[in-house]
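In what follows, a single structure is set out as structure tokens and then discussed.
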Amino acid sequence: MASVSTAAAVPAFARASRADTAADAGTGSARALANFKLAVNGRDHQLAVDPRTSLLDLLREHLALTGTKKGCDHGQCGACTVLLDGRRVVSCLTLAVAAQGRAVTTIEGLANDGELHPMQQAFIDHDAFQCGYCTPGQIMSAIACVNEGHAESDADIREYMSGNLCRCAAYPNIVAAVRQAKPVMKTASRD
Amino acid sequence: MQPFVYERVSDWAAATQAASTAGSAPASYLAGGTTLVDLMKLDVMRPERLIDINALQDSRYGRIAFGQSGLRLGALVRMADAADHPDVRHRYPVIAQALQLAASAQLRNMASLGGNVLQRTRCTYFRDVSYAACNKRNPGSGCAALDGINRTHAVLGGSDHCIATYAGDFAQALIALDATVDLASADGARTIPFAKLHRQPGNTPDQETTLRPGELIVSFTVPAASWLRRSLYLKVRDRQSYEFALASAAVALDLADGAVRNVRIALGGVATVPWRAVEAEAALRGKALDDQTAMAAADAAFAGAQGHGGNDFKIELGKRTLRRALQQAAALEI
Numbered sequence: 349m350a351s352v353s354t355a356a357a358v359p360a361f362a363r364a365s366r367a368d369t370a371a372d373a374g375t376g377s378a379r380a381l382a383n384f385k386l387a388v389n390g391r392d393h394q395l396a397v398d399p400r401t402s403l404l405d406l407l408r409e410h411l412a413l414t415g416t417k418k419g420c421d422h423g424q425c426g427a428c429t430v431l432l433d434g435r436r437v438v439s440c441l442t443l444a445v446a447a448q449g450r451a452v453t454t455i456e457g458l459a460n461d462g463e464l465h466p467m468q469q470a471f472i473d474h475d476a477f478q479c480g481y482c483t484p485g486q487i488m489s490a491i492a493c494v495n496e497g498h499a500e501s502d503a504d505i506r507e508y509m510s511g512n513l514c515r516c517a518a519y520p521n522i523v524a525a526v527r528q529a530k531p532v533m534k535t536a537s538r539d
Numbered sequence: 051m052q053p054f055v056y057e058r059v060s061d062w063a064a065a066t067q068a069a070s071t072a073g074s075a076p077a078s079y080l081a082g083g084t085t086l087v088d089l090m091k092l093d094v095m096r097p098e099r100l101i102d103i104n105a106l107q108d109s110r111y112g113r114i115a116f117g118q119s120g121l122r123l124g125a126l127v128r129m130a131d132a133a134d135h136p137d138v139r140h141r142y143p144v145i146a147q148a149l150q151l152a153a154s155a156q157l158r159n160m161a162s163l164g165g166n167v168l169q170r171t172r173c174t175y176f177r178d179v180s181y182a183a184c185n186k187r188n189p190g191s192g193c194a195a196l197d198g199i200n201r202t203h204a205v206l207g208g209s210d211h212c213i214a215t216y217a218g219d220f221a222q223a224l225i226a227l228d229a230t231v232d233l234a235s236a237d238g239a240r241t242i243p244f245a246k247l248h249r250q251p252g253n254t255p256d257q258e259t260t261l262r263p264g265e266l267i268v269s270f271t272v273p274a275a276s277w278l279r280r281s282l283y284l285k286v287r288d289r290q291s292y293e294f295a296l297a298s299a300a301v302a303l304d305l306a307d308g309a310v311r312n313v314r315i316a317l318g319g320v321a322t323v324p325w326r327a328v329e330a331e332a333a334l335r336g337k338a339l340d341d342q343t344a345m346a347a348a349d350a351a352f353a354g355a356q357g358h359g360g361n362d363f364k365i366e367l368g369k370r371t372l373r374r375a376l377q378q379a380a381a382l383e384i
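As structure tokens, then:
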């Protein structure tokens, strides 16, 4: 029991560091870790990771920000969508080292003092999910969709949200949620 | 994923110098990474060094410029930025549409124009290293697609060694509009017609372009022309959005009193390389554009097409796609 609680008390960052060492040992060569800074949800992190680490794995495995989901890991499903300097990208095809010096926003960075982002609230109001696995990616993508000016009609929303697959097929409710959040986001940005 | 050394460069000279350093390990340039990182995860691409050129986006090669010679698109412009640019949409609709109908909003935010034209085929035998036979991935090993599942494969420009489809859309617009490509390497700069960038598979499907080792695309130039405003990109696919073309057509028309004064046509989803349909253009020039001449042009475009079983349908689909694209272009109010 004691060992379990000790393990649980080890910070996520330390666990990740051990994984790096193991990965390097596995390749049989002592390759240097990449050292760089990254701002995630307004907080600066000094990182040392294998250059192969995707931004997605960095968030989930190194920073314990598991809200961003791994679906296909090949840029086809959109579950891993985050904002990089405000633009939506798939974090699975973004090398973490290549994102250095830039600002990352994940689903964990949306709520403000416990108050949900209008898009989060809209997804709840419209029941815009079933299993919820694609939802963080849908919400990040939907916020960018509105900010880009690509949510002007239902057809636009469907087209510009097509990079986010929902296997539960909550699509009609997702469109409704984006439609609800759009004017709220605009009002909020004027305040 | 094979380990690699990551290098970040801050100017073009440093980039091409890094790539050409004698005796150094094989390098790939990293821009958006949407093809490269994907294929590195699959072990299809195994560069030992990555030269990250994204910091060069702030140079003129990250910009869109309109001049007397036409439109210049920097290689590090992102697909989304060119697709959304009001002047590109208005003056070069076929370019904006080809970009906007490709990939997803996230991928278009990431992918550079230079990287986009170099994207690799979606042939599943190429992407899956558990198949030994792929002449593109492993020269001399054979082609699993010839007698395999080849529904999405090419009917134009194939060989006995490879029938993998060129997957892009933007390249069709560039080749139709007589674009040129500006290249840079440690040996200097040169400009080539876009039509000379890609190589048909022939006996060497592993050699996809005429780029020299370490050479980098820095920009594209699309000349001003009378047929640009009446241009469009029509893409036919299994899903309405976020899918590669089964057949597509880039069409640009200069009409005078219903007759074709000039026309530019390229086909996507059906060929091994970006495909300029010069036979179809010749069939239309000087003629009135109607159902009959559009059909004759489509027949001319696919006269040399060869199906391989699963993709036989693409010949008829490709013809109908071109016919519809021509008719839609003719009907445009400009």
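These protein sequence lines are chains A and B, in that order. Start counting the first sequence at 349; every next residue gets the next number (our numbering). Start counting the second sequence at 51; every next residue gets the next number (our numbering). Glycine included, every Cβ here is placed at the ideal spot set by N, Cα and C. Remember, predicted model here, so these are calculated numbers, not experimental data.
Checklist entry - Per DSSP, residue 460/A is paired with what? => result Locating residue 460/A in the first sequence gives position 112, where the first residue counts as 1. According to DSSP, residue 460/A bridges with 463/A.
Checklist entry - Just checking, does the stretch 458-478 of chain A make contact with the stretch 497-508 of chain A on the three C-beta pairs under 8 angstroms criterion? => result no
Item to check | Test item: CB-CB of residue 277/B and residue 239/B under 8 angstroms | outcome: Residue numbering aside, residue 277/B sits at position 227 when the second sequence is read from its first letter. Residue numbering aside, residue 239/B sits at position 189 when the second sequence is read from its first letter. No, the Cβ-Cβ distance between residue 277/B and residue 239/B is not below 8 angstroms.
Checklist entry - Roughly how many angstroms lie between the CA atoms of residue 67/B and residue 483/A, to the nearest whole one? => result Stepping through the second sequence from its first residue, residue 67/B is reached at position 17. Stepping through the first sequence from its first residue, residue 483/A is reached at position 135. When rounded, the distance between both Cα atoms is 44 angstroms.
Checklist entry - Identify the residues that DSSP records as bridge partners of residue 261/B: which are they? => result By one-based count along the second sequence, residue 261/B stands at place 211. Per DSSP, none; premise fails for residue 261/B.
Item to check | Beta carbon of residue 196/B nearer than 8 angstroms to that of residue 325/B | outcome: Within the second sequence, numbered from 1, the residue matching residue 196/B stands at position 146. Within the second sequence, numbered from 1, the residue matching residue 325/B stands at position 275. Going by C-beta atoms, residue 196/B is not nearer than 8 angstroms to residue 325/B.
Checklist entry - Taking residue 411/A as the reference, which of 530/A, 419/A, 388/A has the closest Cα? => result Position 63 of the first sequence, counted from the first residue, corresponds to residue 411/A. It is 388/A.
Item to check | Interface partners of residue 88/B on chain A, CB under 8 angstroms | outcome: On the second sequence, residue 88/B is found 38 positions in, with the first residue counted as 1. The contacting residues are 422, 423, 441.
Checklist entry - Got a sec: is the Cβ-Cβ distance from residue 372/B to anything in chain A below 8 angstroms? => result What you label residue 372/B is simply residue 322 of the second sequence in a count that begins at 1. Output row for residue 372/B: interface = no.
Checklist entry - Cα separation between residue 123/B and residue 273/B? => result Against the second sequence, residue 123/B aligns to sequence position 73. Against the second sequence, residue 273/B aligns to sequence position 223. C-alpha separation (whole angstroms): 11 angstroms.
Item to check | CB-CB length for residue 493/A against residue 526/A, believed under 8 angstroms | outcome: Position 145 of the first sequence, counted from the first residue, corresponds to residue 493/A. Position 178 of the first sequence, counted from the first residue, corresponds to residue 526/A. Yes, residue 493/A and residue 526/A are in contact; Cβ-Cβ is about 7 angstroms, under 8 angstroms.
Item to check | Residues within the stretch 507-532 of chain A neighbouring chain B, beta-carbon criterion of under 7 angstroms | outcome: 507, 508, 510, 511
Item to check | CA-to-CA distance, residue 279/B to residue 141/B, given in whole angstroms | outcome: Taking the second sequence and counting its residues from 1, the one referred to as residue 141/B is at position 91. Taking the second sequence and counting its residues from 1, the one referred to as residue 279/B is at position 229. Taking the straight line joining both Cα atoms gives about 6 angstroms.
Next on the checklist: Just to confirm the assignment, what range does the beta strand (DSSP E) spanning residue 117/B have?
Outcome noted: Taking the second sequence and counting its residues from 1, the one referred to as residue 117/B is at position 67. Where residue 117/B is concerned, the enclosing beta strand (DSSP E) stretches over 114-117.
Next on the checklist: Tell me which residue opens and which closes the alpha helix (DSSP H) that residue 491/A is part of.
Outcome noted: Taking the first sequence and counting its residues from 1, the one referred to as residue 491/A is at position 143. Element bounds for residue 491/A: 483-495.
Checklist entry - So residue 153/B and residue 292/B are in contact, right, with Cβ under 8 angstroms, and what is the actual spacing, rounded? => result Along the second sequence, read from residue 1 onward, the residue named residue 153/B stands at position 103. Along the second sequence, read from residue 1 onward, the residue named residue 292/B stands at position 242. Correct: roughly 7 angstroms between the Cβ atoms.
Item to check | residue 273/B, enclosing beta strand (DSSP E) - first and last residue | outcome: On the second sequence, position 223 is the one that residue 273/B refers to. Residue 273/B -> beta strand (DSSP E) spans 266-273.
Next on the checklist: With DSSP as the reference, identify every bridge partner of residue 504/A, one or two as the case may be.
Outcome noted: Your numbering for residue 504/A matches position 156 in the first sequence. Bridge partners of residue 504/A: none, in fact.
Checklist entry - Secondary structure at residue 38/B, three-state DSSP: helix, strand or coil? => result No statement about residue 38/B is possible, as the shown extent of chain B runs from 51 to 384 and does not include it.
Next on the checklist: Please state whether the Cβ-Cβ distance between residue 225/B and residue 353/B is less than 8 angstroms.
Outcome noted: Start at 1 with the first residue of the second sequence, and residue 225/B comes out as number 175. Start at 1 with the first residue of the second sequence, and residue 353/B comes out as number 303. Not a contact, by the Cβ cut-off of 8 angstroms.
Item to check | Nearest neighbour of residue 295/B, chosen from 88/B, 222/B, 85/B, 157/B [CA to CA] | outcome: Start at 1 with the first residue of the second sequence, and residue 295/B comes out as number 245. Residue 222/B is the option with its Cα nearest to residue 295/B.
Next on the checklist: If we define contact as Cβ-Cβ less than 8 angstroms, is residue 180/B a contact residue for chain A?
Outcome noted: The residue labelled residue 180/B in the question sits at position 130 within the second sequence. Not one chain A Cβ lies under 8 angstroms of residue 180/B.
Next on the checklist: Taking 8 angstroms as the threshold (beta carbon to beta carbon), is residue 340/B in contact with chain A?
Outcome noted: Position 290 of the second sequence, counting from 1, holds the residue named residue 340/B. Judged by the 8 angstroms Cβ criterion, residue 340/B is not in contact with chain A.
Checklist entry - For residue 359/B, which option in 62/B, 284/B, 87/B, 201/B has the closest C-alpha, if you only look at C-alpha atoms? => result Within the second sequence, numbered from 1, the residue matching residue 359/B stands at position 309. For residue 359/B, the nearest C-alpha among the options comes from 201/B.
Next on the checklist: For residue 451/A and residue 65/B, I'd like the C-alpha separation in whole angstroms.
Outcome noted: Here residue 451/A is taken as the residue at index 103 of the first sequence, counted from 1. Here residue 65/B is taken as the residue at index 15 of the second sequence, counted from 1. Using only the alpha carbons, I get a separation of about 25 angstroms.
Checklist entry - First and last residue of the alpha helix (DSSP H) that includes residue 349/B? => result Position 299 of the second sequence, counted from the first residue, corresponds to residue 349/B. 341-351 is the extent of the alpha helix (DSSP H) around residue 349/B.
Item to check | Contact set between residue 54/B and chain A, taken where Cβ atoms lie within less than 8 angstroms | outcome: Residue mapping note: residue 54/B aligns to position 4 of the second sequence, counting from 1. Those within 8 angstroms of residue 54/B in chain A are 399, 400.
Next on the checklist: Counting only Cβ pairs nearer than 9 angstroms, list the residues of chain B close to residue 451/A.
Outcome noted: The sequence position of residue 451/A within the first sequence is 103, counting from 1. Under the 9 angstroms cutoff, chain B gives no residues; its nearest Cβ is about 14 angstroms from residue 451/A.
Checklist entry - In chain A, what lies closer than 7 angstroms to residue 169/B by C-beta? => result As a first step, residue 169/B must be located in the second sequence, where it is residue number 119. Neighbours of residue 169/B on chain A: none; closest Cβ ~12 angstroms, over 7 angstroms.
Checklist entry - Within this structure, are the beta carbons of residue 113/B and residue 127/B separated by less than 8 angstroms? => result Start at 1 with the first residue of the second sequence, and residue 113/B comes out as number 63. Start at 1 with the first residue of the second sequence, and residue 127/B comes out as number 77. A contact, by the Cβ cut-off of 8 angstroms.
Checklist entry - Near residue 186/B, which residues of its chain fall below 8 angstroms by C-beta distance, leaving aside the five closest residues on each side in sequence? => result Here the question's residue 186/B lines up with position 136 in the second sequence. Once the five neighbours on either side are set aside, the close Cβ partners of residue 186/B are 171, 173, 176, 212, 214, 251, 255, 256, 258.
Item to check | Beta carbon proximity, residue 51/B to chain A, threshold 8 angstroms | outcome: Counted from its first residue, the second sequence places residue 51/B at position 1. Cβ-Cβ to chain A under 8 angstroms: yes for residue 51/B.
Next on the checklist: Strictly below 8 angstroms CB to CB, what residues from chain A border residue 61/B?
Outcome noted: Mapped onto the second sequence, residue 61/B falls at position 11. None at all; the shortest Cβ gap to chain A is about 17 angstroms.
Item to check | Within the stretch 272-305 of chain B, ranges of the beta strand (DSSP E) (whole runs, at least 3 residues) | outcome: 281-286
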